[in-house]
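Heads up: the structure comes next, in structure tokens.
In our numbering, the protein residues as written are 7 to 175.
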């Protein structure tokens, strides 16, 4: 795996002297129910997660990432709304959480999907969820960008915990 392309090293003079946390230190978990898993530039295992589609081994109760294609997201606004809102409610318990959408905000605004839900209702639903559940939605454009966003999110969230633990110990 080419970690360096996605996670470039800082210039030599900015490096700290202590052991560096790197992408190789992250073991991402892909939920067993994830139907179209992303190809993450991290080591991965498949396991059952209580909430979300992606997390990190050892941090399953702290880090949670949900992935949605645009059709999935639209389905969450219609027939799957109650189930999805229960998921968002569970995600509030996680310190690091997000929903990564494999589409752009503009696609949602333009109604670039098959559904009777209007673009106004769709965008309002997302903004309402962000406000009500304090879960950020990242509209990243496509699957490749979604894999990058999930990997960055998992790595950065884990690195933040790692650095907090090092400061305390």
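For glycine and all other residues, C-beta sits at the position ideal for the given N, C-alpha and C.
- The C-beta distance from residue 144 to residue 107 rounds to 7 angstroms, short enough to meet the 8 angstroms contact threshold.
- Within the region 28-106, the complete beta strand (DSSP E) runs of at least 3 residues fall at 33-37, 49-53, 60-62, 69-74.
- For a cut-off of 8 angstroms, the C-beta gap from residue 65 to residue 156 is around 14 angstroms, too long to register as a contact.
- For residue 144, the pairing in a beta bridge is given by DSSP as 106.
- Contact annotation, residue 50 with residue 37: C-beta distance approximately 11 angstroms; criterion of less than 8 angstroms not satisfied.
- Non-local beta-carbon contacts of residue 121 in its own chain, meaning distances under 7 angstroms to residues more than five positions away in sequence, involve 80, 84 in chain order.
- When only Cα atoms are considered, residue 117 and residue 42 end up about 23 angstroms apart.
- In this structure residue 141 is in contact with residue 103, their Cβ atoms being roughly 5 angstroms apart against a cut-off of 8 angstroms.
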